[in-house]
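Below is one structure, written out as structure tokens; comments come after it.
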Amino acid sequence: MEKRLFDATFEGDVSALETFIQEDPLILERSLSLTSFHETPLHVAVLRGHLEFAKALLSHNPKLATESDSLGRVPLHVASAKGHVEIARELLRVGPSNACLARDRDGRIPLHVAIAKGGRVEVVTELTRACTESSRLRLERGETVFHLCVKENNLEALKVLVGELGGGSDNTKLLNAIDDDGNTVFHLAVLHKHLEIIKYLLTRPGIELNAVNKNGLTALNLIENSGRDLKGLEVLNLLLQSNNAQNTSNSRTLQPNEASNSGRNPSRPRTGSMDPSWKSFLTLSGKTHLEGFRGELFIGSAIIVTIAVLPMINMKVNPNGPLLDNVYILNTLSLVPALAIMILLLSGLSLKKEFCVWLVMQLMYTAIGFLGWNYIRAIVTNNDNRHLNNSTLVFMCVLFGLVIIVTFLNLIRLMGLVMAKIHTCVKKS
36 MEKRLFDATF
46 EGDVSALETF
56 IQEDPLILER
66 SLSLTSFHET
76 PLHVAVLRGH
86 LEFAKALLSH
96 NPKLATESDS
106 LGRVPLHVAS
116 AKGHVEIARE
126 LLRVGPSNAC
136 LARDRDGRIP
146 LHVAIAKGGR
156 VEVVTELTRA
166 CTESSRLRLE
176 RGETVFHLCV
186 KENNLEALKV
196 LVGELGGGSD
206 NTKLLNAIDD
216 DGNTVFHLAV
226 LHKHLEIIKY
236 LLTRPGIELN
246 AVNKNGLTAL
256 NLIENSGRDL
266 KGLEVLNLLL
276 QSNNAQNTSN
286 SRTLQPNEAS
296 NSGRNPSRPR
306 TGSMDPSWKS
316 FLTLSGKTHL
326 EGFRGELFIG
336 SAIIVTIAVL
346 PMINMKVNPN
356 GPLLDNVYIL
366 NTLSLVPALA
376 IMILLLSGLS
386 LKKEFCVWLV
396 MQLMYTAIGF
406 LGWNYIRAIV
416 TNNDNRHLNN
426 STLVFMCVLF
436 GLVIIVTFLN
446 LIRLMGLVMA
456 KIHTCVKKS
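Start counting the sequence shown at 36; every next residue gets the next number (the working numbering).
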């Protein structure tokens, strides 16, 4: 009998179904699994798109609307995935109200499935209207339905959801909601370079363009750090234009007292603000790209080590010659930082942390500086007249000047990193 029921379900033969029920009134109670996936006759009818057959099944046994298969899917999941809007409407009418909130094994409700499949705009509309609560349920990683629309590049579903939920503050909060990584829908749209969705989000009032995720990155930071392909450049250009427009708008809407203050002291910066370029310099923002140059850093350090070690190995000491204390000292001072860099890189040091980047940069500055100093010492030692010509003097001054300036700036960076860390700790407490 089950085989005959499956054949009738597969073909959508309503008259055959009525005949089976007359012969065995309990057939729908017993035949709750027609396939290896434990699908009920209603699952198969919905999958095949047989509306009248599905109606007949629901009229005889409405409980079939809540039965799940081996993947945890109720028939409404199947209707949502296949885009059968009429069947979905019938399931929502006959079945219990919580059917639209049922989660499958992947934690997805029917609305999530409809969005993920794409092109199921009518089903998304029906599910949202029948159960508004479903649009507020999140996925396992804290993603909202808006996050899912962006990930699946489903602009039409995004527009439908925004329209159905209205333009109130709750809708704005949901658009600016973050997932477990701290990313808003705008972050994801920029990260996946979905240009049309970005353009649409930029038209929505209240969207936070400069929101920061858990890594401290805005949407603009994400696209700046991504690959520079054609689409990435288009997104970057769009965001820069949007930021310029926003800054212009903000400057036009200054409060009267702010405008008067800026008129009195046009050259004075606002208290508590910092130029972005200085902030980037002090926090080493954007310098974490050194992670991609681990091999180059290791090779450079190895070359410095070779230059420092080989002369000491091959050196023949002359008892009547000059003292070699300075040679040992300068070689050691260039050897140790270079060796330290090699050891740190071999240990797996992450160059995505600001302090680690600062440390490697300072060690490299030190090794190169003392290597240059040793070169100058060799020129002076091998000069028979014991006099420095003008070019050597200039080279020495330039080298020492660069080493001093760069070391001083790097110390300022270290102070900036420490102050930023203290500020973060104080803010959290």
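Just so it is clear, CB atoms sit at the ideal spot from N, CA and C, and this is done for glycine as well.
Would you mind sorting residue i into buried or exposed? The rule is 16 or more other CB atoms within 10 Å of its CB.
| i | result |
| --- | --- |
| S50 | exposed |
| E293 | With a pLDDT of only 45 at E293, under 50, the local geometry of the prediction cannot be trusted, and no value is derived from it. |
| V453 | exposed |
| H20 | The structure shown does not extend to residue 20, since the chain is modelled only from 36 through 464, so no value can be given for it. |
| M396 | buried |
| T54 | exposed |
| S336 | buried |
| F88 | buried |
| C432 | exposed |
| L444 | exposed |
| T75 | buried |
| T401 | buried |
| G195 | At residue 195 the sequence reads Val, which differs from the Gly that was named. The residue is buried, with at least 16 neighbouring Cβ atoms inside 10 Å. |
| V180 | buried |
| P131 | exposed |
| S115 | buried |
| A413 | exposed |
| D141 | exposed |
| K208 | exposed |
| S284 | Since pLDDT at S284 reaches only 49, below the 50 mark, its modelled position is unreliable, and the value read off the structure follows with that caveat. Exposed is the call here. |
| G251 | exposed |
Name the two residues that bound the continuous alpha helix (DSSP H) containing residue i.
| i | result |
| --- | --- |
| N6 | Since the first residue of the chain shown is 36 and the last is 464, residue 6 is not available in this structure. |
| T207 | S204 to L210 |
| R128 | V120 to V129 |
| F221 | V220 to L226 |
Helix, strand or coil: how does DSSP classify residue i here?
| i | result |
| --- | --- |
| H78 | helix |
| A114 | helix |
| I232 | helix |
| A254 | helix |
| L384 | coil |
| G201 | coil |
| A373 | helix |
| N245 | coil |
| D42 | helix |
| L61 | coil |
| N445 | helix |
| G47 | coil |
| A137 | coil |
| T341 | helix |
| I348 | helix |
| H73 | coil |
| L332 | helix |
| N366 | helix |
| I213 | coil |
| T238 | coil |
| S132 | helix |
| N272 | helix |
| S261 | coil |
| G451 | helix |
Taking Cβ positions, are residue i and residue j nearer each other than 8 Å?
| i | j | result |
| --- | --- | --- |
| K228 | G201 | no |
| L82 | K117 | yes |
| L381 | C391 | no |
| E269 | L230 | yes |
| G47 | A100 | no |
| F405 | L368 | yes |
| L237 | S277 | yes |
| I232 | L210 | no |
| L183 | T163 | no |
| V159 | A134 | no |
| D216 | N248 | yes |
| A123 | L111 | yes |
| I258 | L274 | yes |
| I376 | M399 | yes |
| L172 | V129 | no |
| H119 | I56 | no |
| E187 | A224 | no |
| H73 | D104 | yes |
- Message: Report the start-end ranges of each alpha helix (DSSP H) in the segment 142-198 that is 4 residues or longer and not cut off at the edges.
- Response: You should have 145-152, 156-165 and 180-186.
- Message: Could you tell me which whole alpha helix (DSSP H) segments of length 4 or greater appear in the segment 80-111?
- Response: The qualifying runs are 86-95.
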